[in-house]
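Worksheet: one structure, shown below.
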Amino acid sequence: MGRRSTCARRSRNRFRDSVWTRSTCTISTARILRFPSRSGSLTAECHTGRSPNVLQKTVGAMAELVKEGKVKHLGLSEVSANTLRRAHAVHPIAAVQVEYSPFTLDIEDPKIALLKTCRELGVTVVAYSPLGRGLLTGAYKSSADFPEGDFRLFIERYNEKNFPNILKIVDGLGKVGEKHQASSGQIALAWLLAQGEDIIPIPGTKKIKYLEENLAAIKIKLSDEETAAIRTLALEADAQQGERYPPDLAKVLFVETPEL
1 MGRRSTCARR
11 SRNRFRDSVW
21 TRSTCTISTA
31 RILRFPSRSG
41 SLTAECHTGR
51 SPNVLQKTVG
61 AMAELVKEGK
71 VKHLGLSEVS
81 ANTLRRAHAV
91 HPIAAVQVEY
101 SPFTLDIEDP
111 KIALLKTCRE
121 LGVTVVAYSP
131 LGRGLLTGAY
141 KSSADFPEGD
151 FRLFIERYNE
161 KNFPNILKIV
171 DGLGKVGEKH
181 QASSGQIALA
191 WLLAQGEDII
201 PIPGTKKIKY
211 LEENLAAIKI
221 KLSDEETAAI
231 RTLALEADAQ
241 QGERYPPDLA
251 KVLFVETPEL
């Protein structure tokens with residue numbers, strides 16, 4: 001959302017040995033660094049998964065690329081607070097990618113403590129699905145609006161029973177938006193941006209008009225009262241019911257990896 005110009009390269013859902021990690025990252029960075037404008041701005045990001053292998057070894061292998069100047073930063077995704085601490089002790093972690101929106105406040109939970117740990121260590125939070133997988137835009141009024149086979153149909157938190165709670169958040173965002181001549185989605189993004197300079201939302205889109213709408217959210221300045229009211233609304237709506245991924249994928253959220 002305009003705060004950092006960085007190209008991220010991801011290694012998804014596996015920790016293997018350090019030789020495999022280094023080889024894979026080297027090949028990936030070589031492809032990207034063919035473009036001179038991207039040189040020195042690459043973030044190598046490891047997307048976690050359930051594995052008996054130790055993340056510290058993976059991060060250690062990735063850190064070699066930093067020493068060689070091929071990568072500037074290292075990032076992680078969906079790790080636990082403890083895993084982040086262990087990885088950060090091997091090499092500074094620049095960012096953690098995790099789901100975060102007024103609809104999904106899991107990282108703020110004291111039991112999870114990921115946001116708290118990120119701030120303690122100076123790690124940026126890259127907030128994916130900041131629009132609640134499209135729900136906070138107001139485009140959906142029921143789970144029946146999802147196309148057949150849609151990924152969201154398999155997520156417990158998006159079921160029909162919970163939809164009225166989700167719509168409470170959407171309606172509240174819309175009311176705030178009326179004061180700023182903005183959509184509910186733009187207010188959701190503006191709220192995340194108001195949480196601090198260490199929060200970077202990364203909304204996805206397939207259309208230019210939505211890209212422009214998302215970028216316009218940068219100009220929206222919510223008052224402290226509005227920011228607090230949205231948080232209260234989100235908590236009182238009680239929309240965080242059930243897992244935010246299907247059962248077979250929920251196990252890769254806030255992953256706790258073994259120690260050395």
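Heads up, the sequence shown is in full-length UniProt numbering, so the first residue is 1 and it goes up one at a time. Note that the Cβ used here is the ideal one computed from N, Cα and C, for glycine as well.
Measuring CB to CB, does residue i end up less than 7 Å from residue j?
{"i": "Ala217", "j": "Leu189", "result": "yes"}
{"i": "Gln97", "j": "Ser77", "result": "yes"}
{"i": "Gly230", "j": "Pro102", "result": "What sits at residue 230 in the sequence shown is Ile, not Gly. A contact, by the Cβ cut-off of 7 Å."}
{"i": "Asn165", "j": "Asp238", "result": "yes"}
{"i": "Gly172", "j": "Leu233", "result": "yes"}
{"i": "Phe163", "j": "Pro246", "result": "no"}
{"i": "Glu243", "j": "Glu156", "result": "yes"}
{"i": "Asp198", "j": "Thr104", "result": "no"}
Given this structure, state the Cα-to-Cα distance separating residue i from residue j, to the nearest angstrom.
{"i": "Asn82", "j": "Ile220", "result": "35 Å"}
{"i": "Glu108", "j": "Ala182", "result": "26 Å"}
{"i": "Gln186", "j": "Arg85", "result": "33 Å"}
{"i": "Glu139", "j": "Lys111", "result": "Note that residue 139 corresponds to Ala in the displayed sequence, not to Glu. Approximately 32 Å, taken between the alpha carbons."}
{"i": "Gln240", "j": "Met62", "result": "35 Å"}
{"i": "Gly177", "j": "Glu256", "result": "39 Å"}
{"i": "Gly204", "j": "Phe146", "result": "17 Å"}
{"i": "Gly134", "j": "Lys72", "result": "32 Å"}
{"i": "Leu65", "j": "Leu55", "result": "16 Å"}
{"i": "residue 261", "j": "Glu259", "result": "The requested residue 261 does not occur in the structure, where the chain is confined to residues 1 to 260."}
{"i": "Glu213", "j": "Gly132", "result": "16 Å"}
{"i": "Ala113", "j": "Leu215", "result": "29 Å"}
{"i": "Glu148", "j": "His180", "result": "35 Å"}
{"i": "Gln254", "j": "Gly60", "result": "Before going further, note that residue 254 is Phe rather than Gln in the sequence given. Cα to Cα, Phe254 sits roughly 20 Å from Gly60."}
Using the beta-carbon count (16 or more within 10 Å), is residue i buried or exposed?
{"i": "Ile202", "result": "exposed"}
{"i": "Lys70", "result": "buried"}
{"i": "Ile169", "result": "buried"}
{"i": "Leu74", "result": "buried"}
{"i": "Thr137", "result": "buried"}
{"i": "Ala127", "result": "buried"}
{"i": "residue 293", "result": "Absent from the structure is residue 293, since the part of the chain shown begins at 1 and ends at 260."}
Going by C-alpha distance, which of the options is nearest residue i?
{"i": "Leu193", "options": "Ser223, Leu167, His73, Ile169", "result": "Ser223"}
{"i": "Lys67", "options": "Leu55, Ala87, Pro92, Lys168", "result": "Pro92"}
{"i": "Ala95", "options": "Val79, Leu153, Pro110", "result": "Val79"}
{"i": "Val252", "options": "Leu65, Val90, Val59, Glu99", "result": "Glu99"}
{"i": "Ala89", "options": "Ile112, Ile208, Pro110, Thr117", "result": "Thr117"}
{"i": "Lys141", "options": "Asn159, Glu148, Val126", "result": "Asn159"}
{"i": "Leu121", "options": "Ala87, Glu148, Ala61", "result": "Ala87"}
{"i": "Asp248", "options": "Phe151, Lys72, Arg119", "result": "Phe151"}
{"i": "residue 282", "options": "Thr58, Lys161, Ser184", "result": "In the structure displayed, the chain extends from 1 to 260; residue 282 sits before or after that span and is not available."}
{"i": "Arg119", "options": "Gln195, Glu212, Gly149, Lys179", "result": "Gln195"}
{"i": "residue 283", "options": "Glu225, Lys161, Leu167", "result": "In the structure as shown, the chain begins at 1 and stops at 260. Residue 283 is therefore absent and cannot be evaluated."}
{"i": "Thr227", "options": "Lys175, Gly149, Gly60, Glu148", "result": "Lys175"}
Identify whether residue i lies in helix, strand or coil by the three-state DSSP scheme.
{"i": "Ser129", "result": "coil"}
{"i": "Pro203", "result": "coil"}
{"i": "Thr257", "result": "coil"}
{"i": "Ala113", "result": "coil"}
{"i": "Ala190", "result": "helix"}
{"i": "His91", "result": "coil"}
{"i": "Val252", "result": "coil"}
{"i": "Val79", "result": "strand"}
{"i": "Leu222", "result": "coil"}
{"i": "Ser142", "result": "coil"}
{"i": "Ser183", "result": "coil"}
{"i": "Glu99", "result": "strand"}
{"i": "Leu105", "result": "coil"}
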